[in-house]
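Numbering (our numbering), first residue to last: 7 to 581. Glycine included, each C-beta is placed from N, C-alpha and C at the ideal position. The structure displayed is predicted, hence computed values, not measured ones.
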């Protein structure tokens with residue numbers, strides 16, 4: 007055996023005493039370069055291996071002389087042990103690799119398909135309609151929601167009836183939402199018509215739009231129910247252009263409306279409709295006045311004709327040639343006309359010439375807020391007269407447009423506080439029912455606003471209640487605000503609502519909370535929040551927010567703007 011060499015032997019350096027053995031110095035930078043070179047070479051071999059295998063597969067599956075491969079097609083496979091590394095949704099994981107612990111919400115932009123087509127594939131379609139008046143933002147997505155009954159019917163073809171039914175508890179913004187629709191539609195060319203503003207809520211808006219405000223009430227203004235309005239001028243223009251038949255239709259419509267209004271006033275005054283003979287007498291009296299007078303007649307002129315008893319009137323009275331019999335037949339009618347013409351229970355509102363004639367070329371509101379709730383009969387008669395006058399003007403505009411003499415005009419009829427209008431008197435339910443069925447033929451959009459379904463079902467007769475339920479069922483759009491849970495069965499009976507939608511609506515009806523910091527109540531949780539329903543489709547929840555300009559014309563609590571003060575009224579002293 008050979009002995010182990012020791013320090014001091016030949017060829018072996020002696021180990022110095024007192025010094026530690028040192029490790030050889032390693033060049034780390036060179037090692038890293040070498041490792042990268044080896045990894046690069048390995049990737050090159052892998053690529054070459056894949057290419058070689060690809061060639062082998064191609065040769066293996068090459069078609070034979072008969073056009074068929076020697077074996078079935080074989081797909082390429084990755085080399086074993088090699089996997090593709092991709093970053094996660096938050097970036098490359100690991101220390102120093104830039105992974106994000108918090109993902110910010112990306113900025114969203116909205117535009118037309120022409121504007122954003124170059125951003126494909128990062129653009130997606132909008133989930134809410136963008137046709138019509140901008141109403142607000144989607145509660146869940148924040149997207150802009152547009153809509154109104156006329157635009158959705160005429161342009162978007164989303165609904166089959168240009169009408170909207172709005173329902174919700176007081177103070178949540180029903181009238182504000184409809185005013186937003188009216189403002190936008192005025193910009194689109196449709197003219198708002200408020201045929202009886204009972205609060206008033208729309209006077210400031212119509213004034214801001216440059217429209218016409220017609221005030222009615224005791225001592226505030228008069229509306230002559232025998233005034234044909236713009237029918238006379240329209241008939242004259244039609245005849246001048248060779249449309250004689252259309253002119254006769256306009257005159258006949260005006261005559262029928264006057265007769266209907268006199269009969270309605272007699273019904274409200276007597277609580278019973280006039281007889282057939284009395285209606286025939288009034289009809290002939292109006293025709294006599296049209297032949298005799300060169301001015302617009304009033305109710306006192308009708309009374310005078312009945313008292314004068316011309317042959318045309320006596321003929322329809324069937325008095326058998328006896329003046330005594332004629333007086334007996336017309337006694338009740340004469341007494342009713344005296345009450346209407348000389349200021350009875352209905353006052354002189356309909357007995358004087360019209361103070362402010364309605365125009366067809368601008369927005370109009372009939373301000374009847376001066377009529378007290380105790381004047382039930384006067385309210386009913388005034389609303390009927392406003393409706394008759396308003397739709398007479400719409401009819402004239404349609405006839406002139408059909409003849410090509412004027413541009414086509416569409417109107418947006420607003421019926422706020424619908425429950426008051428329906429309860430105001432006999433005939434109002436039938437009027438609204440006719441409008442909801444024929445508004446497409448009239449060329450008008452309709453907005454009906456009330457608090458709950460219970461308001462519609464509180465009408466006196468079952469027939470009227472069934473007609474009122476049809477208002478909701480026939481509405482093209484239904485906009486629902488906060489409602490109590492007890493209202494849901496009545497609402498779902500007319501329109502389907504999912505349980506989630508019902509929970510959303512009832513949640514908006516919660517009362518406001520008390521803010522201890524300001525010492526005031528905070529805004530109700532459902533203020534400005536509505537659910538838009540179209541048939542059985544899922545509802546669209548929106549949040550309506552007012553602009554600064556709109557706030558000045560949307561204050562329905564003006565009487566509460568200043569603090570009440572208690573003080574003694576100083577009496578004027580006369581010297």
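> Taking the C-alpha atoms as reference points, what is the distance between residue 289 and residue 307?
Replying inline: Numbered from 1 along the chain shown, position 283 holds the residue referred to as residue 289. Numbered from 1 along the chain shown, position 301 holds the residue referred to as residue 307. Approximately 13 Å, taken between the alpha carbons.
>> Just list the residues that DSSP pairs residue 536 with in beta bridges.
In response: To locate residue 536, count along the chain shown from 1; it is residue 530. Within the DSSP secondary-structure output, residue 536 pairs in a beta bridge with 548.
>> Using only CA atoms, which one of 148, 125 and 537 lies nearest to residue 582?
In response: Because the chain is modelled from 7 through 581, residue 582 falls outside the range shown and cannot be assessed.
>> By DSSP's criteria, residue 603 is part of a beta bridge. Which residues make up the other side?
In response: Residue 603 lies beyond the residue range present for the chain, which begins at 7 and ends at 581; the question has no answer from this structure.
> Counting along the chain, where does the alpha helix (DSSP H) carrying residue 150 start and finish?
Replying inline: Residue numbering aside, residue 150 sits at position 144 when the chain shown is read from its first letter. Under the DSSP assignment, residue 150 falls outside any alpha helix (DSSP H), being part of the beta strand (DSSP E) whose first and last residues are 150 to 152.
> Which whole-angstrom value describes the C-beta separation of residue 223 and residue 377, a residue pair presumed to lie in contact below a C-beta threshold of 8 Å?
Replying inline: Numbered from its first residue, the chain shown carries residue 223 at position 217. Numbered from its first residue, the chain shown carries residue 377 at position 371. Confirmed, about 5 Å.
> Considering residue 448, what are the terminal residues of the alpha helix (DSSP H) in which it resides?
Replying inline: Here residue 448 refers to the residue found at position 442 of the chain shown. Where residue 448 is concerned, the enclosing alpha helix (DSSP H) stretches over 434 to 448.
> Which first and last residues belong to the alpha helix (DSSP H) in which residue 364 is found?
Replying inline: As a first step, residue 364 must be located in the chain shown, where it is residue number 358. Counting along the chain, residue 364 falls outside any alpha helix (DSSP H), and DSSP gives it neither H nor E.
> Per DSSP, which one or two residues make a beta bridge with residue 144?
Replying inline: The residue given as residue 144 occupies position 138 in the chain shown. 548, per the DSSP bridge assignment.
>> Comparing C-alpha positions only, which one of 454, 555, 401 and 276 sits nearest to residue 234?
In response: As a first step, residue 234 must be located in the chain shown, where it is residue number 228. Nearest of 454, 555, 401 and 276 to residue 234, Cα basis: 401.
>> Tell me whether the stretch 276 to 288 and the stretch 239 to 256 touch, counting them as touching only if at least three CB pairs, one residue from each stretch, are closer than 8 Å.
In response: no
> To which residues of the same chain is residue 408 closer than 8 Å at the C-beta, ignoring the five residues directly before and after it?
Replying inline: Within the chain shown, numbered from 1, the residue matching residue 408 stands at position 402. Result list for residue 408: 252, in chain order.
>> Can you give me the C-alpha to C-alpha distance between residue 582 and residue 296, rounded to a whole angstrom?
In response: The requested residue 582 is not part of the displayed model; the chain covers only 7 to 581.
> Just checking my contact of residue 519 with residue 528 at CB under 8 Å: how many whole Å lie between their CB atoms?
Replying inline: For this step, residue 519 is matched to residue 513 along the chain shown. For this step, residue 528 is matched to residue 522 along the chain shown. About 5 Å separates the Cβ atoms of residue 519 and residue 528, confirming a contact at the 8 Å cut-off.
>> For the beta strand (DSSP E) containing residue 198, name the first residue and the last one.
In response: Along the chain shown, read from residue 1 onward, the residue named residue 198 stands at position 192. First-last of the beta strand (DSSP E) with residue 198: 197 to 203.
> Roughly how many angstroms separate the alpha carbons of residue 481 and residue 167, rounded to a whole number?
Replying inline: Translated into positions along the chain shown, residue 481 becomes position 475. Translated into positions along the chain shown, residue 167 becomes position 161. Going by the C-alpha atoms only, they are around 6 Å apart.
> What are the partner residues of residue 218, as DSSP defines its beta bridges?
Replying inline: Walking along the chain shown from the start, residue 218 turns up at place 212. Per DSSP, 370.
> Roughly how many angstroms separate the alpha carbons of residue 119 and residue 128, rounded to a whole number?
Replying inline: The sequence position of residue 119 within the chain shown is 113, counting from 1. The sequence position of residue 128 within the chain shown is 122, counting from 1. Taking the straight line from one Cα to the other gives about 12 Å.
> In whole angstroms, what is the alpha-carbon distance linking residue 262 and residue 282?
Replying inline: Taking the first residue of the chain shown as 1, we reach residue 262 at position 256. Taking the first residue of the chain shown as 1, we reach residue 282 at position 276. Cα to Cα, the separation comes out at about 15 Å.
> At what residues does the beta strand (DSSP E) containing residue 420 begin and finish?
Replying inline: Mapped onto the chain shown, residue 420 falls at position 414. From DSSP, the beta strand (DSSP E) with residue 420 extends over 417 to 421.
>> I need the straight-line Cα distance from residue 397 to residue 479, nearest angstrom please.
In response: Stepping through the chain shown from its first residue, residue 397 is reached at position 391. Stepping through the chain shown from its first residue, residue 479 is reached at position 473. The straight-line gap from Cα to Cα measures roughly 24 Å.
> Roughly how far, in whole angstroms, is the beta-carbon of residue 183 from the beta-carbon of residue 200, given that I think they are within contact range, below 8 Å?
Replying inline: Mapped onto the chain shown, residue 183 falls at position 177. Mapped onto the chain shown, residue 200 falls at position 194. That pair is no contact at about 15 Å.
>> In whole angstroms, give me the CA-to-CA distance for residue 413 and residue 194.
In response: As a position in the chain shown, residue 413 is number 407, starting the count at 1. As a position in the chain shown, residue 194 is number 188, starting the count at 1. The alpha-carbon atoms of residue 413 and residue 194 are separated by roughly 14 Å.
>> Assuming the contact rule is C-beta atoms closer than 8 Å, residue 425 and residue 390 should be a hit. Round their C-beta distance to whole Å, please.
In response: Taking the chain shown and counting its residues from 1, one reaches residue 425 at position 419. Taking the chain shown and counting its residues from 1, one reaches residue 390 at position 384. About 17 Å separates the CB atoms of residue 425 and residue 390; that is not less than 8 Å, and the two are not in contact.
>> Does residue 472 pass the burial test, meaning 16 or more other C-beta atoms within 10 Å, or should it be called exposed?
In response: Taking the first residue of the chain shown as 1, we reach residue 472 at position 466. So residue 472 ends up on the exposed side.
> First and last residue of the alpha helix (DSSP H) that includes residue 332?
Replying inline: Here residue 332 corresponds to residue number 326 of the chain shown, with the count starting at 1. Residues 329 to 347.
>> Using a Cβ-Cβ cutoff of less than 6 Å, which residues in the same chain neighbour residue 574 once the five nearest sequence positions on both sides are dropped?
In response: Taking the chain shown and counting its residues from 1, one reaches residue 574 at position 568. There are no such residues.
> So, do the stretch 229 to 246 and the stretch 351 to 358 have three or more beta carbon pairs nearer to each other than 8 Å?
Replying inline: Enough Cβ pairs lie closer than 8 Å, so yes.
> To the nearest angstrom, how far is it from the Cα of residue 188 to the Cα of residue 141?
Replying inline: For this step, residue 188 is matched to residue 182 along the chain shown. For this step, residue 141 is matched to residue 135 along the chain shown. Distance between the alpha carbons of residue 188 and residue 141 is about 11 Å.
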